[in-house]
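What follows is one structure encoded as structure tokens, with my remarks underneath.
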Amino acid sequence: MKLELRGITKKFGAFTANDSIDLTVESGQVHSLLGENGAGKSTLMNVLFGLYEPTAGEILVDGTPVRFSGPGEAMAAGIGMVHQHFMLIPVFTVAENVALGDEHTRAAGVLDLEATRRRIREISDRFGFHVDPDARVEDLPVGVQQRVEIIKALVRDARVLILDEPTAVLTPQETDELLDIIRQLRDSGTAVVFISHKLREVKAISTQITVLRRGRVVGTADPGADQSELAALMVGRDVVLNRQKSAPTLGEETFTVSGLTVLSPDGVRLVDDVSFGIRQGEVLAVAGVQGNGQTELTEAIMGLHKAQGSIRLDGEELLGRTTRQVIRAGVGYVPEDRSTDGLVGPFTVAENLVLNRYDRPPAGNGLQLDPKAIRRLAEQRVQEFDIRTQGVDLPVGTLSGGNQQKVVMARELVDDLKLFIASQPTRGVDVGSIEFLHDRIIRERDSGTPVMIVSTELDEVLDLADRIAVMYHGRIIGIVPGDTSRDDLGLMMAGIDPAASPQDPTPKGATA
Amino acid sequence: MSAVTTQAAPTPGASGPASGPPDGGSALRHMMSGNGMVTVLAIVLSLVISAVLIILTNEDVMEAAGYFFARPQDTLVAAWEAVAAAYAALFRGAVFNYRAEDVTGMVYPFMESLTLSTPLIIISLGIAISFRSGLFNIGGQGQMIFGAMFATFFGVHLQLPVGLHLLLVLVMGILGGALWGSIVGVLKAATGAHEVILTIMLNYVAVNLVAYLLQTPVLQREGSTNPVSEFLEPTAVFPPLLGDSFRLNWGFVVAILATVFAWWLIRRSTTGFQLRAVGANPAAARTAGVSVKRMYVVAMVISGGLAGLAGMSQVSGTEKVLNTDVAGSFGFDAITVALLGRSNPVGVFFAGLLFGALRAGGVTMQTETGVPIDIVLIIQSLIVLFIAAPPLVRTIFRLPRPGALQARTTADPVTQPALAGAAAATTTSAGGTAPAAESAVVGDAVGVAAGDAVSPADPESPAGAGAPAGAPRDTPDAGPPPGGRPTASPTQPTTGEEGEQR
Amino acid sequence: MSTTVTVPSGSGASSATGSAEQPRREVVRHWTTPVTFAVLTVVSLLVFALGASGDSATFRISTEADAVRIPDLVAPTVPVGWAITALLAALTVWGLLAVRRRGTVPGWGSAAFAVLFVAGFLVWVVGAANTTTVFLTGLVAGAFVLAVPLIFGSMAGVLSERAGVVNIAIEGQLLAGAFTAAVTGSVTGSVWAGLLAAVVAGVLVSALLAVFSIRYLVNQVIVGVVLNVLVTGLTSFLFSTLLSSDSSRFNSPPHFSSIRIPVLADIPVIGPIFFDQTVLGYGMYLIVAALYVGLFHTKWGLRVRAVGEHPKAADTVGINVNRTRYVNVLLAGAIAGMGGAFFTLVSSSSFSKEMTAGQGFIALAAVIFGRWNPIGAFFAALLFGFATNMQFVLAILGTPVPSQFMAMLPYLVTILVVAGLVGRSRGPAAAGTPYVKE
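Residue numbers (the working numbering), protein chains in the order written: chain A, 6 to 517; chain B, 5 to 506; chain C, 550 to 987.
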């Protein structure tokens with residue numbers, strides 16, 4: 006089977022997400038779509054899968070133009086998709102999820118799940134998936150859920166399989182297993198479209214690479230291409246893969262966490278007996294695959310999660326305090342998801358800039374707000390952080406992602422911080438803003454604040470960190486220097502502690 | 005636990021809304037597409053539909069219709085006369101009685117409208133505040149009953165000096181409603197139970213409780229076998245505002261003061277800031293240090309307190325006794341008033357006046373033309389349905405759609421986030437699902453705000469560029485509602501419409 | 550209210566190299582249920598045991614006319630009160646142990662507790678009344694009759710919410726059904742035409758709900774609330790104009806007559822309850838069974854539930870989410886319409902203003918209490934029907950419990966349920982959320 010995209014254009018309003026993109030996939034190939042977040046990869050695949058209707062362009066299957074008005078038709082044409090956010094119904098069993106939309110029935114529409122179970126076992130055995138058809142999806146680990154998604158596609162005889170950022174939620178080991186599965190699929194004649202922004206994986210698996218940037222195809226490459234060449238293509242200019250930053254000037258260890266444990270409602274230790282300290286003027290980056298307790302760790306520090314253990318800042322215990330008290334103690338906090346936790350979308354830019362300071366001068370007092378002062382304050386912060394907005398009275402939701410992130414940063418990076426925590430500080434932010442935001446973070450460090458960064462992007466971690474703590478299954482596997490190799494970090498992210506690594510080292514070149 | 009992960013990054017420089025402000029020379033368009041126009045047209049449309057009902061049920065018209073093909077004009081004349089008579093009576097009963105003999109008689113209807121709108125305005129302010137806080141308080145009825153019970157108890161059993169007594173009764177009315185409201189707030193904060201279900205159920209509990217207490221010496225009039233209380237002491241009732249010829253009393257002044265208070269609370273106070281933040285995005289409010297649970301309690305106490313005050317203004321104003329029907333349909337009417345006023349205190353005040361006037365006029369209409377007052381309910385509910393669905397009104401009247409930026413900035417920032425958390429949670433009882441996790445959308449404003457809230461995390465859509473219709477969402481049960489209503493923006497892809505119709 | 554304790558998880562020691570190892574887990578204990586048990590046991594002790602009247606409560610089961618007679622059940626209040634209190638106390642202790650051992654109390658434990666408590670209450674209340682004899686079969690049969698519209702309404706709620714649309718408009722659907730059934734039945738003289746009209750009316754109200762919430766994305770609770778007001782206004786308006794002007798022509802509907810199934814109807818107790826009903830009564834059982842089987846064992850049901858849980862996932866496998874929602878909301882309206890017809894074609898002689906009197910909201914409560922499951926909602930509605938009937942019966946018997954308190958019972962129980970004090974209830978995840986495609 007041969008699948009061809011010709012001149013696909015997709016516009017959202019005035020924004021062009023895809024600009025006349027051509028792409029060909031054939032069976033037995035793994036065609037990678039490489040691009041930064043926001044380059045238009047997912048949009049393109051949603052067009053291909055019938056979820057979006059293209060503004061222009063056509064799709065051809067074996068040379069014949071087709072039009073998919075919905076995913077059902079795409080699937081009927083032999084296209085399967087594993088979405089970045091799994092399209093599984095948590096309260097259904099594996100069999101029910103797989104059957105959905107492609108049900109085997111007996112008389113009168115009565116479900117015949119047995120037939121589906123058989124198919125699942127068949128596929129599961131063939132690829133070594135170890136999936137129990139009767140398990141409830143919400144009880145399964147993400148890696149297994151992803152296999153269920155793949156089974157869903159295979160059950161429907163997909164001859165083209167699209168995998169959208171499939172490794173984002175996987176450990177390095179699970180990633181290797183997935184890559185093996187993809188190779189098996191390729192060898193059995195399936196055409197695979199592999200969407201990713203991770204160079205290593207793309208190089209490891211592809212037979213062909215197409216690079217997208219800002220909605221356009223900016224180049225094609227073969228897997229032998231040089232990594233930094235690909236990176237430059239993807240980002241649009243030469244990238245310094247390892248940025249130089251000045252050595253830290255270390256002060257007292259004013260922030261310490263010891264024996265911190267956070268439980269989920271059903272008793273899972275999301276954060277499991279975690280201890281570390283951060284010194285003034287130091288950046289500690291917490292690395293790890295998403296969902297290994299980093300979010301809960303920061304939320305516990307902020308008083309957003311119940312926890313046991315101890316969190317001390319300047320000798321004072323923070324654990325057990327309310328979020329407001331923690332903020333008052335001088336903690337600046339950039340949550341990982343700005344639209345959910347960082348900003349109130351319908352509120353104005355000005356209101357968002359005082360979201361945690363509305364009741365303190367100059368914004369207001371315990372009783373009333375001072376709209377004029379809030380406005381002045383906002384205009385000043387907008388200028389300082391170069392926030393592009395048509396006015397501070399516009400809803401913050403009308404700003405672009407990068408500018409929204411700047412609003413959050415501008416709010417949190419106030420004077421006299423005792424501790425600054427940022428989760429995924431540049432997620433979904435354009436390259437220009439990333440540099441700006443990284444500079445601000447380093448500036449805060451250099452002013453003598455202990456800084457804690459949580460990031461799932463190794464590049465970001467390596468760019469910013471003086472020391473790196475790697476989390477796995479809620480535990481800190483180890484704390485290593487900021488110049489630790491990617492390979493070692495990768496092992497640690499898979500839960501394997503390279504035994505040689507010294508505990509809590511002092512960063513090189515530090516002047517204590 | 006955010007489902008919204010990586011994809012975002014719009015192109016640099018996309019910050020300004022690409023669709024731009026409305027073009028020059030579009031002032032008219034601006035006006036025609038705004039909320040005000042939609043509201044006016046919704047009212048007109050509702051009156052027209054009601055007129056059709058009046059015609060269809062009018063005996064003269066039916067008679068004339070019997071020989072329609074012989075003399076069609078008879079039917080038309082009869083129809084016109086029926087509607088004209090009914091609406092004229094409505095006007096005379098609500099605004100100005102031009103047939104009256106003296107000035108008092110002429111302005112009496114208007115004073116009556118003000119009188120009837122007094123409790124409606126007060127309770128609706130309470131409902132509006134709950135909407136703003138993201139809570140769907142359907143329990144106005146129960147809270148009003150509690151306010152009235154407390155007020156009656158202290159108004160009947162105590163002997164106090166003039167002024168002091170009324171003040172005490174007023175405070176007790178507020179307390180009663182606040183107490184009943186606080187149950188909802190506390191249960192929601194402590195257990196995550198959804199307020200829609202709680203308030204509906206508590207309404208019926210209150211209805212039964214007042215019925216019971218009106219059969220016990222606590223509230224029942226001595227020697228009476230009917231469920232009715234003693235008259236309130238003269239010291240415990242509002243004095244007339246403009247002399248004894250009108251029923252209008254100082255309760256109306258209380259309503260005005262309550263409006264001012266509600267405006268200050270929402271727009272200027274730090275409490276209001278927190279309430280609005282919780283209403284629009286509880287997760288972000290919590291992250292910024294606002295105690296969401298405390299705000300749920302505060303919102304329900306204030307909302308219930310105002311409903312209680314409405315109950316007090318009823319027994320201390322026009323009624324002067326308590327019976328089982330004290331709250332009538334106020335609880336549900338207040339929801340319509342709050343929606344019509346877009347949860348904005350000043351808007352609510354005028355919406356309350358409008359519906360109060362409809363009630364006053366409805367009485368005259370019923371007595372003079374035999375059109376049952378129930379038509380007021382029909383008008384009321386139709387108005388709210390229409391303003392909740394501006395695209396429908398625009399389609400009917402072939403109005404232009406608002407520009408993207410205009411839609412955003414003129415959009416009522418009120419009801420939508422409030423309602424957002426509410427609807428879904430109806431079905432989320434003790435499950436403890438995060439209230440913010442689910443949402444629904446109301447009306448014009450909503451679509452826009454929802455679009456706003458989301459765009460940053462949307463795959464490859466620039467937040468500023470007029471959020472794509474129903475921006476691609478991740479999992480529907482995680483994160484704020486990404487779905488902008490497609491018709492909110494002309495710049496949206498046509499597929500949005502199609503998707504919606506499918 | 551929960552505590553936790555560490556339990557060594559399966560893998561045992563936390564060796565640093567085992568990369569496939571799962572995060573450690575602890576047992577979370579939910580104490581709410583046993584604590585609620587304890588409180589209710591104390592109530593039982595104070596009221597049912599210590600507060601017993603000393604008389605005997607007599608429950609008559611058969612009438613003189615019955616073919617097979619079952620002797621009366623005589624329960625001396627004091628011993629029964631103590632016995633039940635003791636059993637409740639035992640269940641409480643068992644509940645506490647169960648929580649210590651495994652974290653939660655099994656569902657059947659709560660059910661057993663509830664049944665015992667209700668039995669204790671019945672014995673106590675009847676024993677304390679002026680007349681200490683009650684016709685149990687009649688009490689239950691009456692409950693079934695009162696529950697019919699509730700069951701229809703709750704099935705409408707279950708279906709609509711399972712598909713992802715919150716249905717607050719059950720009340721309006723019932724009222725619209727009752728009204729049109731009365732008018733159409735009266736004009737045509739046919740009960741079947743009346744029933745059909747009721748179905749159409751229910752569908753029309755549902756259609757408004759569907760169009761506004763699915764097409765125009767208006768908040769579903771708002772649409773529901775406003776539709777209730779609209780239907781109340783419309784039916785009251787038409788009642789005051791059309792119906793009262795010529796009530797013999799417009800408001801004297803024919804009625805469904807009971808169909809007695811020979812032999813089966815003679816079975817004591819259950820015979821008269823189950824096998825002597827109108828077509829609507831039999832139809833109700835069919836609908837409950839069909840919905841249960843349909844929702845959980847057919848392709849259709851799998852799709853409906855998928856749409857209510859995770860519409861986007863359903864969309865990605867080619868299911869038309871909004872069409873599924875439209876169809877099911879309309880179907881729900883049809884079912885609620887039938888329930889409305891029950892008011893005017895079975896239970897009352899004619900239509901009167903606002904005659905549904907909040908039953909739609911009790912049906913909504915039954916949906917939640919029954920955890921969005923047709924069978925569960927059926928029993929919840931039955932329980933609420935029983936409470937309503939108790940209210941009437943107690944008023945006749947002259948008991949110390951004011952009838953208003955019995956009337957409150959369904960609402961109080963629902964509050965306890967949504968607050969998680971008695972069991973937990975989780976609805977379809979996407980109910981209330983409109984689905985917008987790009």
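C-beta atoms are modelled at their ideal positions from N, C-alpha and C, and glycine is treated no differently.
Beta-carbon proximity list for residue i, same chain, < 8 Å, skipping 5 on both sides
| i | result |
| --- | --- |
| Thr-263 (chain B) | Ile-125, Leu-129, Pro-349, Val-350, Val-352 and Phe-353 |
| Asn-102 (chain A) | Leu-93, Ile-94, Val-142, Val-153 and Lys-157 |
| Ser-186 (chain B) | Val-301, Met-304, Val-305 and Gly-308 |
| Glu-226 (chain B) | Glu-234 |
The alpha helix (DSSP H) enclosing residue i, as first and last residue numbers
| i | result |
| --- | --- |
| Tyr-875 (chain C) | 870–891 |
| Ala-46 (chain B) | 39–60 |
| Tyr-208 (chain B) | 199–217 |
| Ala-912 (chain C) | 908–918 |
| Gln-370 (chain B) | 349–373 |
Collapsed DSSP secondary structure at residue i in the structure displayed
| i | result |
| --- | --- |
| Thr-680 (chain C) | coil |
| Arg-162 (chain A) | Note on residue identity: the sequence assigns Asp, not Arg, to residue 162 (chain A). In the structure shown, Asp-162 (chain A) sits in coil (DSSP, three-state: anything other than H, G, I, E or B). |
| Tyr-363 (chain A) | coil |
| Pro-243 (chain B) | coil |
| Ser-602 (chain C) | coil |
| Lys-15 (chain A) | strand |
| Asp-502 (chain A) | coil |
| Glu-179 (chain A) | helix |
| Phe-20 (chain A) | strand |
| Ile-619 (chain C) | coil |
| Ala-624 (chain C) | strand |
| Phe-95 (chain B) | helix |
Same chain, Cβ closer than 7 Å to residue i, five either side skipped, listed in chain order
| i | result |
| --- | --- |
| Thr-180 (chain A) | Thr-172 and Glu-206 |
| Glu-170 (chain A) | Gln-89, Ile-200 and Ser-201 |
| Ala-730 (chain C) | Gly-743, Leu-744, Ala-746, Ala-747, Pro-802, Gly-889, Ala-890, Thr-893 and Leu-894 |
| Thr-266 (chain A) | Arg-274, Val-276, Asp-277, Asp-278, Ala-312, Gln-313 and Gly-314 |
| Glu-830 (chain C) | One point to set straight first is that residue 830 (chain C) is Gly, not Glu, in the sequence displayed. Answer for Gly-830 (chain C): Val-697, listed in chain order. |
| Ile-127 (chain B) | Gly-144, Met-148, Leu-310, Ala-311, Ala-314, Phe-334 and Ala-338 |
Neighbouring residues, chain B, relative to residue i (Cβ below 7 Å)
| i | result |
| --- | --- |
| Tyr-363 (chain A) | Thr-274 and Phe-277 |
| Pro-951 (chain C) | Tyr-216 |
| Ser-659 (chain C) | Per Cβ cutoff of 7 Å: no residues; Ser-659 (chain C) is ~13 Å from chain B at best. |
Cross-chain neighbours of residue i in chain A, by beta carbon under 7 Å
| i | result |
| --- | --- |
| Ala-862 (chain C) | Met-92, Leu-93 and Ile-94 |
| Ile-868 (chain C) | Gly-106 |
Per-residue contacts from residue i into chain C (C-beta, under 7 Å)
| i | result |
| --- | --- |
| Val-200 (chain B) | Val-770 |
| Gly-114 (chain A) | Thr-847, Lys-848 and Trp-849 |
For residue i, the first and last residue of its enclosing beta strand (DSSP E)
| i | result |
| --- | --- |
| Met-86 (chain A) | 84–87 |
| Met-457 (chain A) | 456–459 |
Using Cβ-Cβ distances below 8 Å, what residues of the stretch 281–294 of chain B are close to chain A?
-> Ala-281, Ala-284, Asn-285, Ala-287, Ala-288, Ala-289, Arg-290, Thr-291, Ala-292, Gly-293 and Val-294
Note down, in chain order, all residues in the stretch 57–76 of chain A with a beta-carbon under 7 Å from any beta-carbon belonging to chain C.
-> Tyr-57, Gly-75 and Pro-76
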